[in-house]
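Novice:
Given below as structure tokens:
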């Protein structure tokens, strides 16, 4: 059985499409998120707590009869526990969902942008950036490109180059020091990357900007 509030929250069209047909042990989303082994512990009589279960809404549309809405991820905490008979044998599997948040595209991309702009001095990490948006890496990359027009890594590089351009305008810094202030190596790939992005060398950019 499933209550109406859960039906509405998840977007399941009807009770008939789910009750008596859904099997958690065959759920591709549970498999995908890597928590199936934890869920199976309920069969041994244990209560299992799943925190931050971030289900892709596109996966819900793909695998289950849910409404297509402007949602990217439904985040929930789930308590799974067995219902046993008088002999102590597990007869039913119960799950209590605490829906924490529904993530929609633009909000999550805004959060990812903030993360990139706060960590531009660090090496780019797709996993951490996607986590900041509460999305899987695959979901995040696709959604970011859709909304921002560039990949997350391109956005990171462009932001870093903009910061470098600001430093190059500081007459108190040498070109090498400007690169170092941005955690970039002037004698390495960074100078070549700057020219690819800006169209001129760092030294030429400094002269042009005077």
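Numbering (my numbering), first residue to last: 423 to 632. Every residue, glycine too, gets a C-beta built ideally from N, C-alpha and C.
Work out the CA separation of residue 562 and residue 596 for me, nearest whole Å.
Specialist: Reading the chain shown from its first residue, position 174 is the one you call residue 596. Reading the chain shown from its first residue, position 140 is the one you call residue 562. So the alpha carbons of these two residues sit roughly 38 angstroms apart.
Novice: Let me confirm a value: residue 593 is counted as buried when at least 16 other C-beta atoms fall within 10 Å, else exposed. Which label applies?
Specialist: Taking the first residue of the chain shown as 1, we reach residue 593 at position 171. The residue is exposed, with fewer than 16 neighbouring Cβ atoms inside 10 Å.
Novice: Pop quiz: residue 497 and residue 522 are said to be a contact at Cβ under 8 angstroms. What is the actual Cβ separation, rounded to whole angstroms?
Specialist: Walking along the chain shown from the start, residue 497 turns up at place 75. Walking along the chain shown from the start, residue 522 turns up at place 100. Confirmed, about 5 angstroms.
Novice: Please classify residue 535 as buried or exposed, where buried requires at least 16 neighbouring CB atoms within 10 angstroms.
Specialist: By 1-based counting over the chain shown, the position of residue 535 is 113. Around the beta-carbon of residue 535, 16 or more other beta-carbon atoms lie within 10 Å, marking it buried.
Novice: Going by CA-CA distance only, name the one from 487, 519, 431 and 480 that's closest to residue 438.
Specialist: For the purposes of this step, residue 438 is taken as residue 16 along the chain shown, with counting starting at 1. For residue 438, the nearest C-alpha among the options comes from 487.
Novice: With distances taken Cα to Cα, identify the nearest neighbour of residue 618 among 576, 589 and 602.
Specialist: Numbered from its first residue, the chain shown carries residue 618 at position 196. When each option's Cα is compared against that of residue 618, the closest is 576.
Novice: Which word fits residue 628, buried or exposed, when buried means at least 16 other C-beta atoms lie within 10 angstroms of its C-beta?
Specialist: As a first step, residue 628 must be located in the chain shown, where it is residue number 206. Buried.
Novice: Can you tell me whether DSSP reads residue 471 as helix, strand or coil?
Specialist: The count along the chain shown starts at 1 and reaches residue 471 at position 49. If DSSP states are grouped into helix, strand and coil, residue 471 belongs with the strands.
Novice: Would you kindly work out how many angstroms separate the C-alpha atoms of residue 555 and residue 477, rounded to a whole number?
Specialist: Position 133 of the chain shown holds residue 555. Position 55 of the chain shown holds residue 477. The alpha-carbon atoms of residue 555 and residue 477 are separated by roughly 13 angstroms.
Novice: Do you know how far the Cα of residue 481 is from the Cα of residue 586?
Specialist: Residue mapping note: residue 586 aligns to position 164 of the chain shown, counting from 1. Residue mapping note: residue 481 aligns to position 59 of the chain shown, counting from 1. Here the C-alpha atom of residue 586 lies approximately 40 angstroms from the C-alpha atom of residue 481.
Novice: Do you know whose CA, among 434, 525 and 485, lies nearest residue 450's CA?
Specialist: The count along the chain shown starts at 1 and reaches residue 450 at position 28. It is 485 whose Cα lies nearest to the Cα of residue 450.
Novice: Determine the direct distance from the alpha carbon of residue 578 to that of residue 626, and round the result to whole angstroms.
Specialist: As a first step, residue 626 is located in the chain shown; it is residue number 204 there, counting from the start. As a first step, residue 578 is located in the chain shown; it is residue number 156 there, counting from the start. If you take the alpha carbons of residue 626 and residue 578, they lie about 23 angstroms apart.
Novice: Name, in chain order, the residues that DSSP records as bridge partners for residue 499.
Specialist: Here the question's residue 499 lines up with position 77 in the chain shown. Answer by DSSP bridge pairing, in chain order: 520.
Novice: According to the Cβ coordinates, are residue 465 and residue 500 closer than 7 angstroms?
Specialist: Indexing the chain shown from 1 puts residue 465 at position 43. Indexing the chain shown from 1 puts residue 500 at position 78. Cβ atoms of residue 465 and residue 500: not closer than 7 angstroms.
Novice: Only counting the same chain, and skipping five residues up and downstream in sequence, which positions put a Cβ closer than 7 angstroms to that of residue 542?
Specialist: In the chain shown, the residue the question calls residue 542 occupies position 120. Closer than 7 angstroms at the Cβ level, and outside the excluded window around residue 542, lie 578, 581, 582 and 585.
Novice: Which residues in the same chain as residue 567 place their Cβ atom closer than 7 angstroms to its Cβ, once the five residues preceding and following it in sequence are excluded?
Specialist: Stepping through the chain shown from its first residue, residue 567 is reached at position 145. The answer, listed in chain order, is 573.
Novice: Compute the Euclidean distance between the alpha carbons of residue 624 and residue 545, then round it to the nearest angstrom.
Specialist: The residue given as residue 624 occupies position 202 in the chain shown. The residue given as residue 545 occupies position 123 in the chain shown. Whole-angstrom Cα-Cα distance: 21 angstroms.
Novice: Residues in its own chain within less than 6 angstroms of residue 514 by CB, not counting five upstream and five downstream?
Specialist: Mapped onto the chain shown, residue 514 falls at position 92. 505, listed in sequence order.
Novice: Taking all protein chains shown into account, do 16 or more other C-beta atoms lie within 10 angstroms of the C-beta of residue 463, making it buried, or fewer, making it exposed?
Specialist: Within the chain shown, the letter at position 41 stands for residue 463. It is exposed - the Cβ of residue 463 has fewer than 16 other Cβ atoms within 10 Å.
Novice: Could you pull out every residue in the same chain whose Cβ sits closer than 7 angstroms to the Cβ of residue 616, ignoring the five residues on either side in sequence?
Specialist: As a position in the chain shown, residue 616 is number 194, starting the count at 1. Closer than 7 angstroms at the Cβ level, and outside the excluded window around residue 616, lie 583, 586 and 624.
Novice: State the beta-bridge partners of residue 504 as determined by DSSP.
Specialist: The residue given as residue 504 occupies position 82 in the chain shown. Paired residues: 515.
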